[in-house]
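Engineer:
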Amino acid sequence: MILDILIWVALAVGLAFNALGVVGILRFPDVYTRLHADTKCTTFGSIFTSLAIVLYAAGEYRQAPEGQYLTLALHTVLAVVVLAFTNATSAHAIARAAHKRGHKPAQAVCDRLEESAP
Amino acid sequence: MTRWIFTALVLVALMLLAMVRLFKGPTAADRVVALDAINTLVVAAMIVLAVVFRQFIFVDVAIIYALLAFVGTLYIAKYLGGEL
Amino acid sequence: MLSFIVTALFSGAVYLLLTAGSGPVLRLWSSQELLVAVVVAVAVGFVARQYFASARRRAASNPLRWLQAVAYVVGPFFAEMAKANLDVAYRVITGRIRPGIVRVKTGMQTDMGTLLMANSITLTPGTLTVNVDEESNDLFIHMINVPAGTEARETIEVRELFALFDCPRWVRRIAE
C-alpha cells in the first residue's frame, strides 16, 4: 500500500521533470541553455522513473522471491548509472562543438572562453 | 499495470514534443540537443516497457542503447566541431 | 601484475552484477555463470590491464576510493543535483535567465579529477562545462544565471559553485 503510493510519487516526479526538460528545450533561446534543460531535467526525471521500477521490483520480490525481479532491479540501477555518466559527457561534447562552430551564447553577460581563444 | 502503460504513453508524447525542436531547430547543434533528449527518454521508456510486457530483457537493451547513443552523439559532436 | 588483478576483479564483479538472479549458488548465480565469470575476468584483465589501471594511475584503482565514490554519488552529489533541478525548473517556467561563460579554477592535478569535476559540474548547479584548459586544468563553464558582479572577475573558485556541500573536496579525495 505504502509502496504503491511511493511508486506513484516517483513516477509523478520523474514525468514532471522529464516534461520540464522537454519544455525547456522548446522554450530556451540558444544551444547552451537548451543543453541545461536537457541534461539536468531529463537525467533527473529518468532517475525517478527508474526508481519507481526498482520499488516495483522490490515489492514483487517480497511477494514471490524469484531471481528475475532481482535482475530487473540491478539492471535498472546499472542503466541509470550509465545514463547519468554518458549524458554529462555528451553534453560537454555538444557544448564544446557548438562553441568551436562559433555559436555565441545568446543574451550572455560575459564570455571568457571567447576572450582566451588564441 | 495501467500506471506503467500511462507512464510509457506520457514518455512517448514527450518524445514527440522534443521532435518539434528536432525538426524546427535553427542550427544543427539544436537538433543534436533534441536528439540527445529523445535518446534519454527512449532509455526511460524501454525500462518502463520491460515491466509493461514483463520481458525484463528489455532493460539490457536499454543499457546497450544508452551506450551506443552516447557514441553516436559523441561522433556527431566531433563532426560539428570540425574535428573529424 | 597488480593492474591485471584489479582489472580482472572489476570485470568479474560487473559480470556477476549483470547475471545476478540466474541460479541457486548463494540464491543468486548458477554454477555455469560463475565459471563464465572467471573466464571473462581473466580474458578482460589480460587485454585491458594497461588501459584500466596503468601504473601511472594506480591510485584510481583503490577499492576504498570506489566506496567513497559511491558515497559521494548517493549523498552530496544527489542533493546538489536535486537543488540544481529545482533551479532549472524554476527558470524553465519563468524564463528568467542571465547566461554567460566564466572561467573556473578547479585546482585538480590529474585528468581523472578534472573529468569527475567536469561531470559533477555539468549535472549539478545551473552550470555546464564547455571546455577545458589543458595546461592549468581550468574549466570554462556556461552558467544559466551568472550572479551579479561575477562577470567582471577573471576566474572564480570552484567552491563558490556548490551551495550545500564541499563537492570539490570529495572529488579530490576520490580521484587524486
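Chains as they are written, first to last, in the working numbering: chain A, 17 to 134; chain B, 979 to 1062; chain C, 76 to 251.
We treat Cβ as the ideally placed atom computed from N, Cα and C, and that holds for glycine.
This structure is a prediction, so every number in the text was calculated from the model and none was measured.
(1) Would you report the Cα separation of ILE219(C) and ASP162(C), rounded to the nearest angstrom?
(2) Along the alpha helix (DSSP H) that carries PHE127(C), what are the first and last residues, could you check?
(3) Could you check what DSSP says for LYS116(A) in three-state terms: helix, strand or coil?
(4) Using a Cβ-Cβ cut-off of 7 Å, state whether VAL114(C) counts as contacting chain A.
(5) Who are the near neighbours of ARG999(B) in its chain, counting only those whose CB is closer than 7 Å to its CB and skipping five residues on each side?
(6) Within 10 angstroms of its Cβ, does THR169(C) collect 16 or more other Cβ (buried), or is it exposed?
(7) Between the C-alpha atoms of ALA986(B) and LEU1027(B), what's the straight-line distance to the nearest angstrom?
(8) With a 10 Å radius around its C-beta and 16 neighbouring C-beta atoms as the bar for buried, classify PHE18(C) as buried or exposed.
(9) Output the distance between the C-alpha atoms of PHE101(A) and VAL1021(B), rounded to the nearest integer angstrom.
(10) What residues from the segment 166–182 of chain C come within 7 Å of chain A, judged by C-beta to C-beta, listed N to C?
(11) In angstroms with no decimal places, state the Cα-to-Cα distance between ALA112(C) and VAL1049(B).
(12) Going by beta-carbon coordinates alone, are GLY40(A) and ALA53(A) separated by less than 7 Å?
(13) What's the C-alpha gap between GLN1033(B) and THR980(B)?
(14) Helix, strand or coil for PHE153(C), going by three-state DSSP, please let me know.
(15) Out of curiosity, what's the CA-to-CA distance linking PHE1001(B) and VAL70(A)?
(16) Helix or strand or just coil, what does DSSP make of LYS172(C)?
(17) How many angstroms separate the CA atom of GLY83(A) from the CA atom of VAL1029(B)?
(18) Roughly how many whole angstroms lie between the Cα atoms of VAL221(C) and VAL1039(B)?
(19) Out of ALA159(C), LEU77(C) and ASP213(C), state which residue places its alpha-carbon closest to the alpha-carbon of MET183(C).
(20) Shortest alpha-carbon distance to LEU1058(B) belongs to which of GLN79(A), LEU94(A) and HIS115(A)?
(21) Is VAL990(B) helix, strand or coil by DSSP?
(22) How about VAL205(C) and ALA111(A): do their beta carbons lie closer than 7 Å?
(23) Three-state secondary structure (DSSP) at PHE44(A)?
(24) List, in order along the chain, the chain A residues whose C-beta lies closer than 7 Å to that of LEU1019(B)?
(25) Would a C-beta distance cut-off of 7 Å place ILE1025(B) and SER106(A) closer than the cut-off?
(26) If you follow the alpha helix (DSSP H) that ILE264(C) is part of, which residue opens it and which one closes it?
(27) Does the separation of the CB atoms of VAL1010(B) and ILE1042(B) fall below 7 Å?
Structural biologist: Judging by the given coordinates:
(1) Counting from 1 along the third sequence, the entry for residue 219(C) is found at position 144. Counting from 1 along the third sequence, the entry for residue 162(C) is found at position 87. So the two alpha carbons sit approximately 10 Å from each other.
(2) Translated into positions along the third sequence, residue 127(C) becomes position 52. 106–127 is the span of the alpha helix (DSSP H), which, as asked, contains PHE127(C).
(3) Taking the first sequence and counting its residues from 1, one reaches residue 116(A) at position 100. In the structure shown, the three-state DSSP call for LYS116(A) is helix.
(4) Looking up residue 114(C) in the third sequence gives position 39. Not an interface residue.
(5) To locate residue 999(B), count along the second sequence from 1; it is residue 21. Taking C-beta separations shorter than 7 Å and ignoring five residues to either side along the sequence, the partners of ARG999(B) in its chain run ASP1008 and ALA1012, following chain order.
(6) Within the third sequence, numbered from 1, the residue matching residue 169(C) stands at position 94. Counting Cβ neighbours within 10 Å, THR169(C) comes out exposed, since fewer than 16 surround it.
(7) Residue mapping note: residue 986(B) aligns to position 8 of the second sequence, counting from 1. Residue mapping note: residue 1027(B) aligns to position 49 of the second sequence, counting from 1. So the two alpha carbons sit approximately 7 Å from each other.
(8) The structure shown has nothing for residue 18(C), since chain C only spans 76 to 251.
(9) Mapped onto the first sequence, residue 101(A) falls at position 85. Mapped onto the second sequence, residue 1021(B) falls at position 43. Going from the Cα of PHE101(A) to the Cα of VAL1021(B) covers about 14 Å.
(10) VAL167, GLY170, ILE172, ARG173, PRO174, GLY175, ILE176, VAL177 and ARG178
(11) Here residue 112(C) corresponds to residue number 37 of the third sequence, with the count starting at 1. Here residue 1049(B) corresponds to residue number 71 of the second sequence, with the count starting at 1. Cα-Cα distance, rounded: 26 Å.
(12) Residue numbering aside, residue 40(A) sits at position 24 when the first sequence is read from its first letter. Residue numbering aside, residue 53(A) sits at position 37 when the first sequence is read from its first letter. Result yes, Cβ atoms of GLY40(A) and ALA53(A) sit closer than 7 Å.
(13) Counted from its first residue, the second sequence places residue 1033(B) at position 55. Counted from its first residue, the second sequence places residue 980(B) at position 2. Cα-Cα distance, rounded: 16 Å.
(14) Along the third sequence, read from residue 1 onward, the residue named residue 153(C) stands at position 78. Correct three-state label for PHE153(C): helix.
(15) Counting from 1 along the second sequence, the entry for residue 1001(B) is found at position 23. Counting from 1 along the first sequence, the entry for residue 70(A) is found at position 54. Here the alpha carbons of VAL70(A) and PHE1001(B) stand approximately 35 Å from one another.
(16) Mapped onto the third sequence, residue 172(C) falls at position 97. The amino acid occupying residue 172(C) in the given sequence is Ile; Lys does not appear at that position. It is coil, neither helix nor strand.
(17) Mapped onto the first sequence, residue 83(A) falls at position 67. Mapped onto the second sequence, residue 1029(B) falls at position 51. Those two C-alpha atoms are separated by around 15 Å.
(18) Here residue 221(C) refers to the residue found at position 146 of the third sequence. Here residue 1039(B) refers to the residue found at position 61 of the second sequence. Each residue's Cα considered, the two are about 40 Å apart.
(19) In the third sequence, counting from the first residue as 1, residue 183(C) sits at position 108. It is ASP213(C) whose Cα lies nearest to the Cα of MET183(C).
(20) Position 80 of the second sequence, counted from the start, is the residue given in the question as residue 1058(B). Considering only alpha carbons, the answer is HIS115(A).
(21) Sequence index remark: in the second sequence, residue 990(B) carries index 12 (1-based). Three-state result, VAL990(B): helix.
(22) Within the third sequence, residue 205(C) is the residue found at index 130, counting from 1. Within the first sequence, residue 111(A) is the residue found at index 95, counting from 1. In contact: VAL205(C) and ALA111(A) (Cβ atoms closer than 7 Å).
(23) By one-based count along the first sequence, residue 44(A) stands at place 28. Three-state result, PHE44(A): coil.
(24) What you label residue 1019(B) is simply residue 41 of the second sequence in a count that begins at 1. By Cβ distance, chain A contributes ASN34 and THR58.
(25) Here residue 1025(B) refers to the residue found at position 47 when the second sequence is read from its first residue. Here residue 106(A) refers to the residue found at position 90 when the first sequence is read from its first residue. Taking 7 Å as the Cβ cut-off, ILE1025(B) and SER106(A) do not qualify as a contacting pair.
(26) With chain C covering 76 to 251 only, the question about residue 264(C) has no answer from this structure.
(27) Position 32 of the second sequence, counted from the start, is the residue given in the question as residue 1010(B). Position 64 of the second sequence, counted from the start, is the residue given in the question as residue 1042(B). For VAL1010(B) and ILE1042(B), no; Cβs fall outside 7 Å.
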